[in-house]
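Chemist: One structure is given below, represented as structure tokens, and several questions about it will come after.
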Amino acid sequence: MQILESKQQLLDSTKKSYVTTENRVKELKEEAMNSRKELDDLKRREHAIEKECDTIKMLKEKQAQQKATLEKQVAQLKAEFDKELSALNDELESVKLEIENLNKKDITKEVKESVEKQAKEREELLKEFNKVQEEIQLNNQEFINHVKNELLDLLNQLPTDQQQSLEQEVNNCKQDVESLVSRIKLNSTSA
Numbered sequence: 013m014q015i016l017e018s019k020q021q022l023l024d025s026t027k028k029s030y031v032t033t034e035n036r037v038k039e040l041k042e043e044a045m046n047s048r049k050e051l052d053d054l055k056r057r058e059h060a061i062e063k064e065c066d067t068i069k070m071l072k073e074k075q076a077q078q079k080a081t082l083e084k085q086v087a088q089l090k091a092e093f094d095k096e097l098s099a100l101n102d103e104l105e106s107v108k109l110e111i112e113n114l115n116k117k118d119i120t121k122e123v124k125e126s127v128e129k130q131a132k133e134r135e136e137l138l139k140e141f142n143k144v145q146e147e148i149q150l151n152n153q154e155f156i157n158h159v160k161n162e163l164l165d166l167l168n169q170l171p172t173d174q175q176q177s178l179e180q181e182v183n184n185c186k187q188d189v190e191s192l193v194s195r196i197k198l199n200s201t202s203a
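Residue numbers (my numbering): 13 to 203.
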């Protein structure tokens, strides 16, 4: 009888140990499944980050191209404005010199009036040039705003620290253009 009890206890102990082991196996299986899910999730996130990095790289390249194009256009406009302004100033000085010489020679009133008329016509041309220049400035401003809006759209797709850097570059470029236009207007006024 005692042997039976001893065997029963051993059997009960074995069953309890089996149940404990089985529960532990279930826990380990669940942990393995959770780890597998975490690994899959990490792989998906890694893929998403790589894709985002590629997108950011493309956006940076596009932004650099747009900036280079804008700087080139600004340089071309400045060269054209300077050339046109220089030619008009030279012409105006020439007319003033002609008038001064005619006054000194004291030639007939008719010739003097003719020269003054030419001076007025050239003054009108200068005014017209200033008007065209203002229109060009307005067009430039619209172009700058358009490019800035495009860049801002791109900025919204970039992380915040890159966004601030790009906004600063856009603002610097805009200030350069506005400074250039102001100098041209000042030169036109002083002429």
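Where is the CB? At the ideal position from N, CA and C, for every residue including glycine.
In whole angstroms, what is the alpha-carbon distance linking E34 and E17?
Modeler: The sequence position of residue 34 within the sequence shown is 22, counting from 1. The sequence position of residue 17 within the sequence shown is 5, counting from 1. For E34 and E17, the distance between alpha carbons rounds to 25 Å.
Chemist: For V144, is the classification buried or exposed, using 16 other Cβ atoms within 10 angstroms of its Cβ as the cut-off for buried?
Modeler: Counting from 1 along the sequence shown, the entry for residue 144 is found at position 132. V144 should be labelled exposed.
Chemist: Taking the straight line between their C-alpha atoms, what separation do you get for I156 and N168?
Modeler: Here residue 156 refers to the residue found at position 144 of the sequence shown. Here residue 168 refers to the residue found at position 156 of the sequence shown. Rounded to the nearest angstrom, the two C-alpha atoms are 18 Å apart.
Chemist: What separation, rounded to the nearest whole angstrom, lies between the Cα atoms of N46 and L82?
Modeler: Sequence index remark: in the sequence shown, residue 46 carries index 34 (1-based). Sequence index remark: in the sequence shown, residue 82 carries index 70 (1-based). Distance between the alpha carbons of N46 and L82: 53 Å.
Chemist: Just to confirm before moving on: does the CB-CB distance between I111 and V127 stay below 8 Å?
Modeler: By one-based count along the sequence shown, residue 111 stands at place 99. By one-based count along the sequence shown, residue 127 stands at place 115. Contact: yes.
Chemist: Distance check for E136 and E96, CA to CA, integer angstroms please.
Modeler: Within the sequence shown, numbered from 1, the residue matching residue 96 stands at position 84. Within the sequence shown, numbered from 1, the residue matching residue 136 stands at position 124. In a straight line, the C-alpha of E96 is about 15 Å away from that of E136.
Chemist: By the 10 Å Cβ neighbour count, where 16 or more other Cβ atoms means buried, how is I8 classified, buried or exposed?
Modeler: The question about residue 8 has no answer here: the residues shown for the chain are numbered 13 through 203.
Chemist: Since L198 and L138 are thought to touch, with beta carbons under 8 Å apart, how far apart are those beta carbons, to the nearest angstrom?
Modeler: Mapped onto the sequence shown, residue 198 falls at position 186. Mapped onto the sequence shown, residue 138 falls at position 126. Between L138 and L198 the Cβ distance is about 15 Å, and since that is not below 8 Å, they are no contact.
Chemist: Rounded to the nearest angstrom, what separates L40 and D52 at their Cα positions?
Modeler: Your numbering for residue 40 matches position 28 in the sequence shown. Your numbering for residue 52 matches position 40 in the sequence shown. Cα-Cα distance, rounded: 18 Å.
Chemist: Are the Cβ atoms of V193 and N151 separated by less than 8 Å?
Modeler: Looking up residue 193 in the sequence shown gives position 181. Looking up residue 151 in the sequence shown gives position 139. No. Outside cutoff.
Chemist: Helix, strand or coil: how does DSSP classify N168 here?
Modeler: Locating residue 168 in the sequence shown gives position 156, where the first residue counts as 1. The answer is coil: DSSP assigns N168 none of H, G, I, E or B.
Chemist: Below 8 Å on the Cβ atoms is my contact criterion, and I expect K186 with K160 to pass it. Report the Cβ-Cβ distance as a whole number of Å.
Modeler: Walking along the sequence shown from the start, residue 186 turns up at place 174. Walking along the sequence shown from the start, residue 160 turns up at place 148. That belief holds up - the Cβ atoms of K186 and K160 are roughly 7 Å apart, short of 8 Å.
Chemist: L104 and R134: beta carbons closer than 8 Å?
Modeler: To locate residue 104, count along the sequence shown from 1; it is residue 92. To locate residue 134, count along the sequence shown from 1; it is residue 122. It is a contact, given that the beta carbons lie within the stated cut-off.
Chemist: Using 10 angstroms around the beta-carbon of Q180, count the other beta-carbons present and answer buried if the total reaches 16, otherwise exposed.
Modeler: Position 168 of the sequence shown, counting from 1, holds the residue named residue 180. Q180 is exposed by the Cβ-count criterion.
Chemist: Could you tell me the alpha carbon to alpha carbon distance between L54 and A60, rounded to whole angstroms?
Modeler: Counting from one through the sequence shown, the residue named residue 54 turns up at place 42. Counting from one through the sequence shown, the residue named residue 60 turns up at place 48. Whole-angstrom Cα-Cα distance: 10 Å.
Chemist: CA-CA distance, E154 and M70?
Modeler: Position 142 of the sequence shown, counted from the first residue, corresponds to residue 154. Position 58 of the sequence shown, counted from the first residue, corresponds to residue 70. When rounded, the distance between both Cα atoms is 26 Å.
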